[in-house]
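Numbering of the sequence shown is given in the UniProt record's numbering, commencing with residue 1 and proceeding in unit increments.
We put the CB at the ideal spot given by N, CA and C, even for glycine.
See below for the structure under consideration.
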Amino acid sequence: MQKIRKKTLKDILFYNDIAVFTYKIDYPFFLTTCSTSAARGINTYYAAKAEKLEQYCRTVLYDEAVESARYIQKNYPPFHSYELEETYTVTYNERCITSLYTEQYTYMGGAHGATERRSDTWDFRSGRRIALSDFYPGNNDVSDRIKDCIEEQTAQRLKAAPSTYFDNYTELIRKNFHMENYYLNPDGIVIYFQQYDIAPYSSGLPEFELPFRETVHPA
1 MQKIRKKTLK DILFYNDIAV FTYKIDYPFF LTTCSTSAAR GINTYYAAKA
51 EKLEQYCRTV LYDEAVESAR YIQKNYPPFH SYELEETYTV TYNERCITSL
101 YTEQYTYMGG AHGATERRSD TWDFRSGRRI ALSDFYPGNN DVSDRIKDCI
151 EEQTAQRLKA APSTYFDNYT ELIRKNFHME NYYLNPDGIV IYFQQYDIAP
201 YSSGLPEFEL PFRETVHPA
């Protein structure tokens, strides 16, 4: 099991005394007894990713916020500050395997913001990112099997809660399924989709669990 410390980059950016953009970027820092060199590489990856995102906030997104706020005189009507917040959630942390996802929420005006999720599952012995296919060794049709399972779960959910997925969900599942969009939890593998991929905004980010009994359990 890895010990995890939270690191944060944050700031409030102003234009003509108006707070036009705020950002807060949380990212993990790992300590492990499995391989210090592997942890070093993974920590470097997350630190560089956070710094790159911070630079994007301070340039591209800040400029967009300024462009929207520049015509407001003395902040009247009040300008609703644009924002970006990135958080991470560790979902599995056993022995030398850690799985987590990050969610990036961005508000750049409009009725509501948008959330995008990314995930990683790491082997802290090698520093290697574990692929979804690694849990289905020797199975060449793993992608189709997973899609079939997701379609079955979606059909069951629609019986209990109609209109929570788009009518053409079978087509959208096939189109928007990505092998990298998964994480582990103690019970199995969770496949997720982004907002609007297969369901309306009100349904959030749809998730589908595949029990470990149907896959190879992480060592």
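Between which two residues does the beta strand (DSSP E) containing residue i stretch?
{"i": "S68", "result": "Note, S68: premise wrong, no beta strand (DSSP E); alpha helix (DSSP H) at Y62 to A69."}
{"i": "G188", "result": "G188 to Y192"}
{"i": "P28", "result": "I18 to L31"}
{"i": "L13", "result": "K3 to Y15"}
{"i": "Y101", "result": "I97 to Y107"}
May I ask you to report which of helix, strand or coil DSSP gives residue i?
{"i": "L205", "result": "coil"}
{"i": "T59", "result": "helix"}
{"i": "T89", "result": "strand"}
{"i": "E180", "result": "coil"}
{"i": "D148", "result": "helix"}
{"i": "D120", "result": "strand"}
{"i": "R125", "result": "coil"}
{"i": "Y82", "result": "strand"}
{"i": "T164", "result": "coil"}
{"i": "E111", "result": "For the sequence presented, residue 111 should be read as Ala rather than Glu. Coil, per DSSP."}
Do residue j and residue i count as a contact pair if the criterion is CB distance below 7 angstroms?
{"i": "T22", "j": "S81", "result": "yes"}
{"i": "K50", "j": "I25", "result": "For the record, residue 50 in the displayed sequence is Ala; it is not Lys. Going by C-beta atoms, A50 is nearer than 7 angstroms to I25."}
{"i": "F208", "j": "I150", "result": "yes"}
{"i": "Y183", "j": "T91", "result": "yes"}
{"i": "F30", "j": "N43", "result": "yes"}
{"i": "E54", "j": "L100", "result": "no"}
{"i": "F79", "j": "I18", "result": "yes"}
{"i": "S35", "j": "R125", "result": "yes"}
{"i": "P28", "j": "Y88", "result": "yes"}
{"i": "F193", "j": "P206", "result": "yes"}
{"i": "T98", "j": "Y105", "result": "no"}
{"i": "K147", "j": "F166", "result": "no"}
Terminal residues of the continuous alpha helix (DSSP H) containing residue i?
{"i": "Q55", "result": "T36 to Y56"}
Mark residue i as exposed unless 16 or more other C-beta atoms lie within 10 angstroms of its C-beta, in which case mark it buried.
{"i": "N181", "result": "buried"}
{"i": "S37", "result": "exposed"}
{"i": "V20", "result": "buried"}
{"i": "E86", "result": "buried"}
{"i": "Q2", "result": "buried"}
{"i": "P186", "result": "exposed"}
{"i": "P200", "result": "exposed"}
{"i": "T121", "result": "buried"}
{"i": "D144", "result": "exposed"}
Taking the C-alpha atoms as reference points, what is the distance between residue i and residue j?
{"i": "S203", "j": "I12", "result": "31 angstroms"}
{"i": "Y71", "j": "A39", "result": "48 angstroms"}
{"i": "M179", "j": "V190", "result": "11 angstroms"}
{"i": "Q153", "j": "N93", "result": "27 angstroms"}
{"i": "R118", "j": "P77", "result": "36 angstroms"}
{"i": "V142", "j": "F135", "result": "10 angstroms"}
{"i": "F160", "j": "G109", "result": "Residue identity check: residue 160 is Ala in the sequence provided, not Phe. Roughly 34 angstroms separates the two Cα atoms."}
{"i": "N139", "j": "A155", "result": "25 angstroms"}
{"i": "T170", "j": "D197", "result": "11 angstroms"}
{"i": "residue 220", "j": "R95", "result": "The requested residue 220 is not part of the displayed model; the chain covers only 1 to 219."}
{"i": "N168", "j": "T33", "result": "48 angstroms"}
{"i": "Y107", "j": "L84", "result": "6 angstroms"}
{"i": "Y45", "j": "Y56", "result": "17 angstroms"}
Can you find a CB in chain C that lies within less than 7 angstroms of the CB of residue i?
{"i": "T36", "result": "Among the chains of the structure shown, chain C does not appear; only one protein chain is present."}
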